[in-house]
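All you need for the working numbering is the position in the sequence shown, starting with 1, plus 1412. C-beta atoms are modelled at their ideal positions from N, C-alpha and C, and glycine is treated no differently. Here the structure is a predicted model, which means the values were calculated and not measured.
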Amino acid sequence: MSKFLNHRWRTFMSKKYLGVAVFGFIVIVLAVMLITGYNGLVNLDEDIQAKYSQVENRLQERHDKIGQILGAVSGLQEHAETIYNAITAARAAYSAASSMDELIEADAAEAAAFTQLLVVVEDNPLITANAGYYALIDEISAMESALSVARRDYNEAVQDYNASIRRFPRVLYASMFGFERDYDYWKLNDGADEVPVIDFEWLDR
C-alpha cells in the first residue's frame, strides 16, 4: 500500500512539475513575442519619424531655393503677376503650416507654383535672369527628384507600420502599447510633383 501511494505521489508530482514547466515555457515564449513585437513596432515608428524629417528637410531646401529664384528673376512680377502671387502665397502657406495636412497642402501648392514658373520662363523670353538663375533651376529640379524619393520612402515606412499593427499576433497587443493608430500617407495630386523639362533653345533666338 505504501509503495502504491509513493508511486501515485511521484506520478502526481511529476505531472505537476511537467505542468509548471510547460506553463513557464509558454509564459517565456509569450514574453519574448511581446518584447520582440514591441521593439519591432518601436523601430517601425522611429523609421516613420526619420523619413518624415527627411521630407521636411527636402521641403525646406526647395522653399529656400524658390526664394532665391524669386530674387534672381527680373521682371517676373510684371510679366507673370498671377504666377508670382501663387508662388508667394504657397511660400507663405508653407511657413505657416503647423500640421501634416497643412504641410502637404503647402507642398502641393509650391510644387504646382514652381511648375507654372518654369513654364512661364520657357514661354516668356522677355523674362531675364542673372547668371546663376539657370543653375538654380537645375538645383530645384534635382531637389524635386530628391523630394519625390523622400515622399516615397515615407509612404513605404507608413505602409510597413500600418500593415504590421494589423497582422497577427501584433494586432492582439499593439493597442495595449499605444500603437493603435494608423499613420496617414503623404498624398499629392497626380503629377503635382513632376518637374517639366525646360527647353532653353529660345535663349539663342
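**Prompt:** In three-state DSSP terms, what is residue 1478?
**Reply:** By 1-based counting over the sequence shown, the position of residue 1478 is 66. If DSSP states are grouped into helix, strand and coil, residue 1478 belongs with the helices.
**From 1589, 1598 and 1597, residue whose alpha carbon lies closest to that of residue 1448** = For this step, residue 1448 is matched to residue 36 along the sequence shown. Residue 1589 is the option with its Cα nearest to residue 1448.
**Asked** Roughly how many whole angstroms lie between the Cα atoms of residue 1480 and residue 1570?
**Response** In the sequence shown, the residue the question calls residue 1480 occupies position 68. In the sequence shown, the residue the question calls residue 1570 occupies position 158. Rounded to the nearest angstrom, the two C-alpha atoms are 33 Å apart.
**Message:** Which same chain residues end up closer than 7 Å to residue 1445 when comparing Cβ atoms and leaving out the 5 residues on each side of it in sequence?
**Reply:** Reading the sequence shown from its first residue, position 33 is the one you call residue 1445. If we look at residue 1445 and ignore the five residues flanking it on each side, its Cβ neighbours are 1581.
**Host alpha helix (DSSP H) of residue 1585 (start-end)** = Locating residue 1585 in the sequence shown gives position 173, where the first residue counts as 1. Where residue 1585 is concerned, the enclosing alpha helix (DSSP H) stretches over 1582-1585.
**Prompt:** Would you call the segment 1553-1571 and the segment 1433-1444 in contact, with 3 or more CB pairs under 8 Å?
**Reply:** no
**Item:** residue 1503, enclosing alpha helix (DSSP H) - first and last residue
**Value:** Taking the first residue of the sequence shown as 1, we reach residue 1503 at position 91. Residue 1503 -> alpha helix (DSSP H) spans 1493-1508.
**Request:** Write down the C-beta distance between residue 1522 and residue 1578 rounded to the nearest angstrom, noting that I regard them as a contact closer than 8 Å.
**Result:** Here residue 1522 corresponds to residue number 110 of the sequence shown, with the count starting at 1. Here residue 1578 corresponds to residue number 166 of the sequence shown, with the count starting at 1. The Cβ separation is near 34 Å, so there is no contact.
**Item:** DSSP state of residue 1579 mapped onto helix, strand, coil
**Value:** Sequence index remark: in the sequence shown, residue 1579 carries index 167 (1-based). Three-state DSSP puts residue 1579 in coil, outside helix and strand.
**Request:** Assign residue 1563 to one of three DSSP states: helix, strand, or coil.
**Result:** The residue you call residue 1563 lines up with position 151 of the sequence shown. Note: residue 1563 maps to helix in three-state DSSP.
**7 Å CB neighbourhood of residue 1417 in its chain, flanking five on each side removed** = Working through the sequence shown from its first residue, we reach residue 1417 at position 5. A caution first: residue 1417 carries a pLDDT of 49, below 50, which makes its placement in the model unreliable, though a value can still be read off. Excluding residues within five positions, none has a Cβ falling inside 7 Å.
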